[in-house]
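There are 2 protein chains.
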Amino acid sequence: MSKKYVYYFSEGRKEMKELLGGKGANLAEMTKMKLPIPQGFTITTETCDEYYKLSRKMPVGLEEEITSNISRLEKEMGKNLGDPNNPLLLSVRSGAASSMPGMMDTVLNLGLNDEVVDGIIKKTGNDRFAWDSYRRFIQMFSDVVMEVPSELFSDELDRFKAQKKVKFDTQLTASDLKELCDIFKSITKKETGQMFPDKPFDQLMLSIGAVFGSWNNNRAVLYRRLNNIYGLLGTAVNIQAMVFGNMGNDCGSGVCFSRNPSTGENKFYGEYLMNAQGEDVVAGVRTPKDMEDLKKEMPEIYRELNDIRLKLEQHYKDMQDMEFTIQEGKLYMLQTRNGKRTAAAALKIAVDMVKEKLLTEKEAVCRLDASQLNQLLHPTLDPKDEDKSEPIVTGLPASPGAAVGEIVFDAEKAFDLAEEGHKVILVRVETSPEDLIGMNAAQGILTARGGMTSHAAVVARGMGKCCICGCESLTISYKDKTITTSHGLVIKEGEVISLNGSTGNVYAKAIAVSEPDISGDFQEVMKWSDKFRELQIRTNADTPKDVETAIKFGAEGIGLCRTEHMFFDEERIFCIRKMILADSVEEREKALKDLIPYQRQDFEALFKALDGLPATIRLLDPPLHEFLPREKSEIEELARETNKTIDQIEKKIASLHEVNPMLGHRGCRLGNTYPEITAMQARAILEATLRINESGIKTVPEIMIPLVGDVKEFIAQKEIIAKVANELEKEHKVKIKYKLGTMIEVPRGALLADEIAKEAEFFSFGTNDLTQMTYGFSRDDVPKFLPEYIRLGLLKIDPFVSLDQVGVGQLIEMAVKKGKSVRKDIKLGICGEHGGDPASIEFCHRTGLNYVSCSPYRVPIARLAAAQAALKK
Amino acid sequence: MSKKYVYYFSEGRKEMKELLGGKGANLAEMTKMKLPIPQGFTITTETCDEYYKLSRKMPVGLEEEITSNISRLEKEMGKNLGDPNNPLLLSVRSGAASSMPGMMDTVLNLGLNDEVVDGIIKKTGNDRFAWDSYRRFIQMFSDVVMEVPSELFSDELDRFKAQKKVKFDTQLTASDLKELCDIFKSITKKETGQMFPDKPFDQLMLSIGAVFGSWNNNRAVLYRRLNNIYGLLGTAVNIQAMVFGNMGNDCGSGVCFSRNPSTGENKFYGEYLMNAQGEDVVAGVRTPKDMEDLKKEMPEIYRELNDIRLKLEQHYKDMQDMEFTIQEGKLYMLQTRNGKRTAAAALKIAVDMVKEKLLTEKEAVCRLDASQLNQLLHPTLDPKDEDKSEPIVTGLPASPGAAVGEIVFDAEKAFDLAEEGHKVILVRVETSPEDLIGMNAAQGILTARGGMTSHAAVVARGMGKCCICGCESLTISYKDKTITTSHGLVIKEGEVISLNGSTGNVYAKAIAVSEPDISGDFQEVMKWSDKFRELQIRTNADTPKDVETAIKFGAEGIGLCRTEHMFFDEERIFCIRKMILADSVEEREKALKDLIPYQRQDFEALFKALDGLPATIRLLDPPLHEFLPREKSEIEELARETNKTIDQIEKKIASLHEVNPMLGHRGCRLGNTYPEITAMQARAILEATLRINESGIKTVPEIMIPLVGDVKEFIAQKEIIAKVANELEKEHKVKIKYKLGTMIEVPRGALLADEIAKEAEFFSFGTNDLTQMTYGFSRDDVPKFLPEYIRLGLLKIDPFVSLDQVGVGQLIEMAVKKGKSVRKDIKLGICGEHGGDPASIEFCHRTGLNYVSCSPYRVPIARLAAAQAALKK
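Heads up: the protein sequence lines correspond to chains A and B, in order.
Residues in the first sequence are numbered consecutively from 7, following this note's numbering.
Residues in the second sequence are numbered consecutively from 7, following this note's numbering.
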């Protein structure tokens, strides 16, 4: 059976988006709904695909189908293509299955030639309209189809107006415009060596080819890449009878939304212009009127349009974005589609539509874009203020939100200034754990190096703090305390900048900030999400403050507590450094003993904040060199305090240096070579558990051993922890309950998960490291080539942002299967950055995990995404 | 059914090694062969296992079985344990399934007490012998069973001799020795608070417990760890009637081999002493006599022993290592086992035994230890000379062989001195690709840092050059040009040192070197190996010299040619640096164009050396920063030569810095972001192919794309190469044949091998990187914890030395299966360091690879190991 290339509008329906494109499917649907549509037909996306397979040739049979559909259209409209007495004019528009606004080509007013223009003048008596339409058609067709640069025409128009001594196009007379048509045709002749095609059917076929061709123009390809649009066949082409909003004062064009796209209010919202074409409304040449004006000006048309609005919303069960044209007092619908909206509007519309019984709660949940919630959870730069400002640099939008403050280059200074009440922004080439104190005190963080998962980015997201990373073009001088942009602009310490963490824009001035508003609709949607989701949502949290924020956002426990973050406080870091510098086990044990009270307090405070919710606590993970000082002055201070020589300390630092710290002496490799560290941490956790249980809060800590690649590593750690637990049980004469599990973050851990599960009560997938090792991508170094890889299409998306389901995911599925094969009730979770990404959450649901854990500020997103995943099944 | 704990010798056989230990099984076998064995019985290894499971208690029923076996032995010997008139004396010896010489405990002369001593004197009239035996027994038993420090007795003996004014033990009279027995007993009493046990059966049971206990003494545990002995149940205990070689001049003891263990010559070889115990022969108190002496001295005994030798060799079909004792003119065999031998002896024995029809070729091949061949392929330090010398430091034996030369600290100086005819050893803290020129010129390489797979180690093994790595205790000063040992010894540039690359020993003097001898036996064994093996053996080679060496050793092609090694020559490195510093694609292309002639010559020379054998050529792999200079002076020079500022170059170096270079911008990530590099290399390879084909040597190069984790990366590279090939084909009007494949070295590549195999014609497993990423082990950094991991038993063996079959191997098996599922005839090989490791080669055979590729000097090992793998199946 040969393919059907062309669908008359009445042959399609809204479900045929893949084949007819969004625009074509909706035009077909509106036709079925008997709404007033300028009739026409759609050439399928498959035809476009075949056009490319044939090396940009039209498939055999297409022309025949087009001819017969044109005949049908001519009959229906009572007009004929190219008939001077009663000409049918056409629009030829692209329309893919995914919206790609403005990326592909359109030809309007097709079917005009000298004779037809005369005929129109005869018929309408409007010679200026006729010649202006022809002039526009020649320009548009020459540009789109014949590839004559558009500027040649606009330059000529300017020259022509100067010659005629007029300022505006509208001042040109009909005969001026006629003259211009000839000039335009000669430009095309000169540029292409070809005559402007006179025959309307030739015009049509050439335009169709051009629209197909525009599917692969540079900007369309780029747009698809940037918006992760993949797997489409091509664009459809919609051929439709032209209607004109610019034929007189009973004509007009407008764009409208069935509800307010910015607030979600259920009120007809839109703009229109009388005696204008759609383009004019969008271009903003004149100030458009609103729907209230239409109601007064053309009450009949308003009523008809309002009926259509309600009918379409009922039909599509979603807020609609519509285009219409009024021609000689008659309303035509040109397009309808689900309308884009702000996050706040999306929530309000969802809640209202459920109240209106337009949607069920499940449907409402599924319609929402979980990632969009992010907008609501952070302060934002006031768009009105921001729009007027020019960014000095654009970095990676590493952590959303807004920040305004004085720049500071040193973490301790940031802390001190913040204590004094200053709002500061910490600026570093890159951050390290030593900067935590300053990051915490700052409004926002700006770095010159590092990607979306650099230290600064990960920590800032965890803190819910605005962060812009990887501004490679900035030169940061710690010495001079200045930032210099590539344009030579110098900003000194103490001067104010503003960060937009959602776009990566940096401004050299203060911009107003709007605080987040978590409205009642938000809570309602969360309530529904919790009803439907099966995944538990935990949070990555290291401090009671994190825990409070996360619980406010609905977290059900801690999925990852990184104990090392507790060590950077002044007194603690000293103990840690003493421990690292120890020359004997005894010396090391002494230093560790000093740490126990601190660690115990940390855990007690966490358990208290959790009030009985579960907590997974990861034992020390990073390599020891991260805890040692870097600055000369700090080394000197440490030498004094520890009675070591500077030389000894520097030798120790050198001996701990690693070529690839990511793959080095860290995780349980530390705990196994320095068992004292594991023993200290186990004691602090279990003592805190004893105390908190005594206070009446029941807690069963989940101790997590990091970086396990072999069950023997796990067993060795387990033995150390069990020994401590036994000692404490004897000492306190009480049984201590705790769980012991591991992170699966090394590929070998996933490959041998069945052996590990014999010993481990739970797995938490550390997908950051698992991604690093499975791809062989250092997250600190990929910014060197990842953007280029995405540009080249070698990667669809940064695998540190959204889980690589076919690669890394394969290891996770394997580990889940192997883990369950030996321990049916093994608890499974994910605690990498992916725990807050909707697509990754869906994967986790599908793969049978019990929970996802994400930074506090992504908990609501995770709740919604988990519900959507459950409902998808 | 309850377990049988004890086997009388006649109940066992040689196949029961696991249960009876090596010694017990062979004593049983010799009993079956009706050889003269002092009778006895063996307590099984399972009993030892149970002893530990019962927390060091004897299992119920064991004592009863021992009692009944003692009765049987008493009956057979006509003597009774503890009977003063006719006493049975016993030896109690350990004996595990794997030989652990000297690691566990032994008790001799068991059954003596005051009464029995009197009885023996009465029976033999030899009171000195009786008291001396008793004295020795008290000392041994107190040491082994009662844990009294052995020095207490030897110190007392010295004191006693001084008091008696004698110099030698032998000068002590019977009554002196009797007195000593009492003193020894009182020492034991004082130290332990317990009387020395009088009852022979108590002595026996305590001794058995002590032997079980010695299974887990520190040195035994360490020995098993060091020798990779795992999975054994425990030690067996052999209880045997004592025979004495020291009862008079018709007595003696000896050790002998059925052939010469050092040359393999088929001649009875051994040593014995008259009137002596076995210990005396080993200890070397008197100079022992040889078998020719025995033939003269005791022709009957000699004939009997020689008969036994021949019988045992026929029976075991292997060279035997035997112990015997002559008591009062009667020969007793105490032990036999397969004898250890040198590599040369192993080959000769194998070849001879096939000639003698004792073994088939297949059996002979299977008996050999492939790794041992390494001894034969490199020069070695003369053991006579080396034994007399004390090493100044011991590092990691990174690449076998021997080297003697003046130390030099700079690669270029090493090169210059070598050109002048000096023999030099390059000493570096660690090496980098910049040092290649010096490494190549040096006799050997010594580094202070880096493990068995550090740059120095890998490159040196590739060159077949002696290398010792990771001598952490050495302080190397480039400034002073000195090495300082931890004892403060300073060695200056120009002074001579010697390296033993097989032990890691470094000597501060010149030691004589013996050149390798690849004898006819070697060739014979290789011929058999080639007959049986199914795996092809290729080599990792980057130069024609490598190729020549490898072909001499039997390589069948290149499995891995690392093109980057070609870039370090002076003129080339300049082009490379210019390319890296280029500010535009044009500038980069120009620099690359200058490289083409060099690269083409490289490949032409390789193809010529291969004379039609296949070659897999890997495109540029390491990150670009490896090619940039580090020293200030070099940077200045480069600035001058490239017309860049020093600042520009330093900025470039800084911008290329990576946190984890292993997981950074390298491999095909370079080729995809700088497609010009791939195009240049493809052109050089294909142009060389065209030229060499014209010269009459048919060659089909195999171009290998490194570090592929996604098929899209492969396709992008494929397109670049195909474009170059098309251009050349048009230019030269000839079809160019080449193959295109990839390295599977990133876990994701293995996980998605089916997709990649749709495009790739071959896979080569890069098991170095695959191991790094699967374990999350940086091979440069693991020396920080790997030794400790091995000591703790968390790892059996360095996974960079022998492939981790259950983890990394799982990924390989997966990739093989997936690869074959879409491309049945996909060619599969391995080119990591593991390609020369026998266990890994067996894995490759089993997994269905087509070839292994290893450094030239390991090719013979691979040939033999591949044959063994094929025969094992």
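All C-beta atoms, glycine included, are put in the ideal place defined by N, C-alpha and C.
| Check | Outcome |
| --- | --- |
| Range covered by the alpha helix (DSSP H) that runs through Ser220(B) | 206-220 |
| Where the stretch 776-796 of chain A meets chain B: residues whose CB sits under 9 Å from a CB there | Gln778, Met779, Thr780, Tyr781, Gly782, Phe783, Ser784, Arg785, Asp786, Asp787, Val788, Lys790, Phe791, Glu794, Tyr795 |
| C-alpha distance - Gln177(A) paired with Pro206(A), whole-angstrom precision | 29 Å |
| Cross-chain neighbours of Met668(B) in chain A, by beta carbon under 9 Å | Val665, Asn666, Met668, Leu669, Gly782, Ser784 |
| Option in Asp204(A), Val465(A), Thr37(A), Leu423(A) with minimal Cα separation from Asp120(A) | Asp204(A) |
| Minimum Cβ-Cβ distance from Pro753(B) to chain A less than 7 Å | yes |
| Endpoints, alpha helix (DSSP H) assigned at Leu158(A) | 156-169 |
| Beta strand (DSSP E) segment containing Val496(A), residue limits | 496-498 |
| Collapsed DSSP secondary structure at Lys729(B) in the structure displayed | helix |
| Of the listed residues Asn380(B), Lys429(B), Pro267(B), Val496(B), nearest to Arg467(B) (C-alpha basis) | Asn380(B) |
| Sheet register partners of Phe633(B) (DSSP bridge) | Note: Phe633(B) sits in no beta bridge, so no partner. |
| Closest by C-alpha distance to Tyr308(B), when choosing among Ile818(B), Ser259(B), Ile355(B), Glu271(B) | Ser259(B) |
| Pro805(B) versus Glu819(B): straight-line alpha-carbon distance, rounded | 17 Å |
| 7 Å Cβ cutoff, Lys729(A) in contact with chain B | no |
| Short-range partners of chain A found in the stretch 490-515 of chain B, where Cβ spacing is below 8 Å | none |
| Residues within the stretch 709-729 of chain B neighbouring chain A, beta-carbon criterion of under 8 Å | Leu713, Gly715, Asp716, Lys718, Glu719, Ala722 |
| Spatial distance of Glu576(B) from Lys658(B) (CA atoms) | 20 Å |
| Phe573(A) - DSSP class collapsed to helix/strand/coil | helix |
| Between the CA atoms of Glu310(A) and Gln333(A) - distance to the nearest angstrom | 14 Å |
| Closest residue to His671(B) among Pro793(A), Thr198(A), Asp391(A), Gly670(A) (Cα-Cα distance) | Pro793(A) |
| CB contact below 7 Å: Arg292(A) versus chain B | no |
| Glu751(A), DSSP secondary structure in three states | coil |
| DSSP three-state assignment for Gly6(B), whether helix, strand or coil | Since the first and last residues shown for chain B are 7 and 879, residue 6(B) lies out of range. |
| Tyr13(B), DSSP secondary structure in three states | strand |
| Per-residue contacts from Thr679(B) into chain A (C-beta, under 7 Å) | Phe791, Glu794 |
| Rounded separation between His631(A) and Ile652(A) - CA only | 16 Å |
| Segments of 3+ residues assigned as beta strand (DSSP E) that fall wholly inside the stretch 465-552 of chain A | 472-475, 481-483, 488-490, 496-498, 502-506, 511-513, 542-546 |
| Endpoints, the beta strand (DSSP E) within which Glu708(B) is located | 708-711 |
| Where the alpha helix (DSSP H) containing Ile413(A) begins and where it ends | Where Ile413(A) is concerned, there is no enclosing alpha helix (DSSP H), although the beta strand (DSSP E) it sits in stretches over 408-414. |
| Cβ contact check for the stretch 474-492 of chain B and the stretch 446-454 of chain B: 3 or more pairs under 8 Å | yes |
| Rounded Cβ spacing between Leu68(A) and Tyr11(A) (contact assumed at less than 8 Å) | 5 Å |
| Whole-angstrom C-beta distance between Ala447(A) and Ala463(A), which should lie under 8 Å | No, Ala463(A) and Ala447(A) are not in contact; Cβ-Cβ is about 18 Å, not under 8 Å. |
| Identity of the residues DSSP links to Thr342(B) by a beta bridge | Met328(B) |
| Three-state secondary structure (DSSP) of Phe147(B) | helix |
| Neighbour list for Gln811(A) in chain B, Cβ cutoff strictly below 8 Å | In chain order: nothing, as chain B lies at least about 11 Å away. |
| Backbone CA spacing between Ser405(B) and Asn649(A) [nearest angstrom] | 42 Å |
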